[in-house]
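Participant: Residue numbers (the numbering used here): -15 to 728.
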């Protein structure tokens, strides 16, 4: 987007900047409603503009920066002296710039010297990253430009609702829709599923219709045109069975001789094991588990094969999103998607491939440079001696002082806080390994984490909770210290797009009040804690250090700088894609064209099998609960719920259920419904719609309070990625007591 500063002295200047779309390759001049209204958050009425300290009365009160930082430094020193270095933990965010993410990881490992750092990207991209790293040796959400989708004959979207989460990106599906090749796999008839032209009611009549991406607040009718299904296919599986769909598709590809045998022999390993494993998932058997008719599975497999280069097609893509990745078998599902793509000869070919749709603003860059529990800058593994030596040399520390891998996000949040010990006394870190202090940057875990009530209880049990935020989020309101920070229009830096394109962020206006960048905050804390490590506060200088630390890594930024990115933009360039290993290197828009990033250059195929959700339906919880987003809100809603235009369109949480289910349960359209899982119960307004399966209910996750769906989601995690199983759990649904009859 393009920002134009407003004169704060002008009476008509209600906002600090005006926002206009930028004609960029990914959005092609489009913005969604969240983009058009984003400037409102910069001057939210409750924007935090001064540090806050919790007083003896239990309330948060304004304080000076010196007071607040002295309290933080003293608290960290006290906790580590009593309980060890790992007793202080750090929780980052996928919305931080690359520079801030890098500095946060460096601070944790050189100043705090704690192993316990992770971030909310563990909720977002962890399974896709684990699957891609295992198969290809590298994880870049899309290893090709998003615009490449436009030339494909087939695109399979698994668990992604692009039409509501990234509306401008839908433009890139126009070509494949015109050829009838869009396949959407989703238990709901989402706005994206409606793009296939399959039958169904108009999507989004009450939750907000799909945005056209070009005008503020404008909605358009559901994009269903032409004969039924003339633009593609919508597969509507039982929640938690997407893996079965993929296994069945690959079964058909193998059984009908549709695989690219030449490609498999030249560029992959492990196909024989995969081939044997999928033979157990013939379409008729798969139908009994996933609920998708066998002939529709065969149709999609043949459609994909016909689109593949080996059979003369223009290309095909298999893309995954959170709907299939946020699962206890998320890595297995991503692996099955990659296996299908590899069997058809798609990855590493121009015009075809596998990719994952990134969910946060810097979801790609945020996981590359040190926020993850097991990683160092450049997407290096923290337990790799060579990686430790390289990064330690850049940081000027002994490699032996860099901690090893820490706990992934859900495990970390589960471990927080003191617990009663023998005789009611508080336990010590040595006794149970629990972090006693937490620094939170760019995340609202009280709303966004699974089993959120337990997370809130754990935060209350900490000796010290420090939150950096711009508004009083639900997590900030629990903190002992709240530090006001700068935001996107108020700071310099870089972000990395879902395609691996490194993009400059520029300051357009000054931050209000005393808000400061995390770069300054970390430098001040490092000084107070007596660290000799250098923490520059100029983002361009930090980026240069990040580039050096990433040199030779998978995500190599060593040929980049703010100056080079600025020059590329001035020259009308599209940005530069990592890896960029030298100043003369042009960047890498498409990876794996010659070889994969594995030791032998081959992609690794791994046999996987379906296990099912950890919290499956049962007599006392006979329905599936799935979660997701709505067009108007983002993540925990801490920012978008403060935008009047967006809040007015969708002001409260709701639960979608099929009319047949509503009649059977006695829950009318507009009634309040009570949802109960093993974690607890919540209430929300019921909305009838036939765009969802009759065995499933859906709730968006953007709200706190009694309608906060993550209070009842399971904190079970994928054993490989550590990603929580947000997307499916068993639930009982009843009409809430005291609800008025419809029409009464």
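Note that CB positions come from ideal geometry on N, CA and C, so glycine has one too.
1) In whole angstroms, what is the alpha-carbon distance linking residue 226 and residue 613?
2) Would you mind sorting residue 19 into buried or exposed? The rule is 16 or more other CB atoms within 10 Å of its CB.
3) How is the beta strand (DSSP E) around residue 353 delimited, first residue to last?
4) Quick one: Cα of residue 635 to Cα of residue 467, how far?
5) Within 10 Å of its beta-carbon, does residue 643 have 16 or more other beta-carbons around it, so buried, or fewer, so exposed?
6) Under 8 Å, with one C-beta from each stretch per pair, do the stretch 92 to 102 and the stretch 126 to 137 reach the 3-pair mark?
7) Residue 418: buried (16+ other C-beta within 10 angstroms of its C-beta) or exposed?
8) Compute the beta-carbon to beta-carbon distance between residue 259 and residue 229, rounded to the nearest angstrom, for a pair I have assumed lies under 8 Å.
9) Buried or exposed, going by whether 16 or more other CB atoms sit within 10 Å of the CB of residue 148?
10) Count the other C-beta atoms from every protein chain shown that fall within 10 angstroms of the C-beta of residue 514, then say buried if there are 16 or more, exposed otherwise.
11) Based on DSSP bridge pairs, tell me the residues matched to residue 45.
12) In three-state DSSP terms, what is residue 656?
13) DSSP puts residue 667 in a beta bridge; with which residues?
14) Using only alpha-carbon positions, find the residue among 386, 438, 449 that is nearest to residue 44.
15) Figure out for me which residue from 493, 452, 463, 136 has the closest Cα to the Cα of residue 23.
16) For the 8 Å Cβ check, are there 3 or more pairs between the stretch 687 to 695 and the stretch 78 to 98?
17) DSSP puts residue 359 in a beta bridge; with which residues?
18) For residue 590 and residue 536, I'd like the C-alpha separation in whole angstroms.
19) Among the candidates 120, 79, 321, 631, whose CA atom is the shortest distance from the CA of residue 502?
20) Quick check for students: name the residue ranges of the alpha helix (DSSP H) that lie wholly in the stretch 69 to 108, counting only runs of 4 or more.
21) With 16 other CB atoms within 10 Å as the buried threshold, where does residue 762 fall?
22) Do you know whose CA, among 340, 63, 114, 279, lies nearest residue 139's CA?
23) Check for me: the alpha helix (DSSP H) holding residue 394 runs from which residue to which?
24) So, at 8 Å on beta carbons, what are the nonlocal neighbours of residue 312 in its own chain, with the 5 sequence-adjacent residues on each side left out?
25) Helix, strand or coil: which one does DSSP assign to residue 682?
26) Identify every residue that forms a DSSP beta bridge with residue 218.
27) Alpha carbon to alpha carbon, what distance is there between residue 89 and residue 720?
28) Looking at the structure shown, is residue 734 part of a helix, part of a strand, or coil, going by DSSP?
29) What's the call for residue 372, buried or exposed, on a 16-neighbour Cβ count within 10 Å?
30) Quick check: residue 111 and residue 310, are their CB atoms within less than 9 Å of each other?
31) Nearest by alpha-carbon distance to residue 376: which of 38, 91, 51 is it?
32) Taking only three categories from DSSP, how would you classify residue 449?
33) Should residue 0 be labelled buried (16 or more other beta-carbon atoms within 10 Å of its own) or exposed?
34) Alpha carbon to alpha carbon, how far is residue 539 from residue 250?
35) Report the residue from 477, 628, 422, 504 whose alpha carbon sits nearest the alpha carbon of residue 464.
36) Kindly provide the ranges of any alpha helix (DSSP H) runs that are 4 or more residues long and lie completely inside the stretch 225 to 275, ordered along the chain.
Facilitator: Short version:
1) Within the chain shown, residue 226 is the residue found at index 242, counting from 1. Within the chain shown, residue 613 is the residue found at index 629, counting from 1. So the two alpha carbons sit approximately 19 Å from each other.
2) The residue labelled residue 19 in the question sits at position 35 within the chain shown. Burial state of residue 19 is buried, judged by a 10 Å Cβ sphere holding 16 or more other Cβ atoms.
3) In the chain shown, residue 353 corresponds to position 369, counting from 1. No beta strand (DSSP E) holds residue 353; DSSP gives it neither H nor E.
4) For the purposes of this step, residue 635 is taken as residue 651 along the chain shown, with counting starting at 1. For the purposes of this step, residue 467 is taken as residue 483 along the chain shown, with counting starting at 1. Approximately 28 Å, taken between the alpha carbons.
5) Within the chain shown, the letter at position 659 stands for residue 643. With fewer than 16 Cβ atoms within 10 Å of its Cβ, residue 643 is classed as exposed.
6) no
7) Against the chain shown, residue 418 aligns to sequence position 434. Under this definition residue 418 is a buried residue.
8) As a position in the chain shown, residue 259 is number 275, starting the count at 1. As a position in the chain shown, residue 229 is number 245, starting the count at 1. With a Cβ gap of about 18 Å, residue 259 and residue 229 do not count as contacting.
9) Numbered from its first residue, the chain shown carries residue 148 at position 164. Buried, since its Cβ has 16 or more Cβ neighbours within 10 Å.
10) In the chain shown, the residue the question calls residue 514 occupies position 530. Residue 514 should be labelled exposed.
11) Locating residue 45 in the chain shown gives position 61, counting from the first residue. 37.
12) Here residue 656 corresponds to residue number 672 of the chain shown, with the count starting at 1. Residue state, collapsed to three classes: strand.
13) Sequence index remark: in the chain shown, residue 667 carries index 683 (1-based). According to DSSP, which records beta bridges pairwise, residue 667 is partnered with 658.
14) Locating residue 44 in the chain shown gives position 60, counting from the first residue. The candidate whose alpha carbon is nearest that of residue 44 is 449.
15) Here the question's residue 23 lines up with position 39 in the chain shown. Per the Cα distances, 493.
16) no
17) Taking the first residue of the chain shown as position 1, residue 359 is located at position 375. DSSP output for residue 359 lists 365 as bridge partner(s).
18) Within the chain shown, numbered from 1, the residue matching residue 590 stands at position 606. Within the chain shown, numbered from 1, the residue matching residue 536 stands at position 552. Taking the straight line from one Cα to the other gives about 27 Å.
19) Here residue 502 refers to the residue found at position 518 when the chain shown is read from its first residue. Among 120, 79, 321, 631, the Cα nearest to that of residue 502 is on 79.
20) List check, alpha helix (DSSP H) in window: 82 to 90.
21) This structure gives no information on residue 762, because the portion of the chain shown stretches from -15 to 728.
22) Taking the chain shown and counting its residues from 1, one reaches residue 139 at position 155. Of 340, 63, 114, 279, the residue nearest in Cα terms is 340.
23) The residue given as residue 394 occupies position 410 in the chain shown. Looking at the DSSP string, the run of the alpha helix (DSSP H) that includes residue 394 is 393 to 399.
24) Taking the chain shown and counting its residues from 1, the one referred to as residue 312 is at position 328. Once the five neighbours on either side are set aside, the close Cβ partners of residue 312 are 595, 597, 598, 700, 701, 702, 703, 709.
25) On the chain shown, position 698 is the one that residue 682 refers to. It is a strand residue.
26) Residue 218 sits at position 234 when you count from the first residue of the chain shown. Listed as beta-bridge partners of residue 218 by DSSP are 168.
27) Translated into the one-based positions of the chain shown, residue 720 becomes position 736. Translated into the one-based positions of the chain shown, residue 89 becomes position 105. Straight-line Cα distance between these residues: approximately 46 Å.
28) Past the boundaries of the shown model lies residue 734; the chain is included only from -15 to 728, so the question cannot be answered.
29) In the chain shown, residue 372 corresponds to position 388, counting from 1. Residue 372 should be labelled buried.
30) Within the chain shown, the letter at position 127 stands for residue 111. Within the chain shown, the letter at position 326 stands for residue 310. Yes, the pair counts as a contact, with Cβ atoms nearer than the cut-off.
31) Position 392 of the chain shown, counted from the start, is the residue given in the question as residue 376. For the residues 38, 91, 51, the minimum Cα distance to residue 376 belongs to 91.
32) Counting from one through the chain shown, the residue named residue 449 turns up at place 465. Three-state DSSP puts residue 449 in a strand.
33) Walking along the chain shown from the start, residue 0 turns up at place 16. Buried, by the Cβ-count rule.
34) Indexing the chain shown from 1 puts residue 539 at position 555. Indexing the chain shown from 1 puts residue 250 at position 266. Approximately 26 Å between the Cα atoms of the pair.
35) Numbered from its first residue, the chain shown carries residue 464 at position 480. The shortest Cα separation from residue 464 among 477, 628, 422, 504 belongs to 422.
36) 226 to 239, 245 to 251, 255 to 262, 267 to 274
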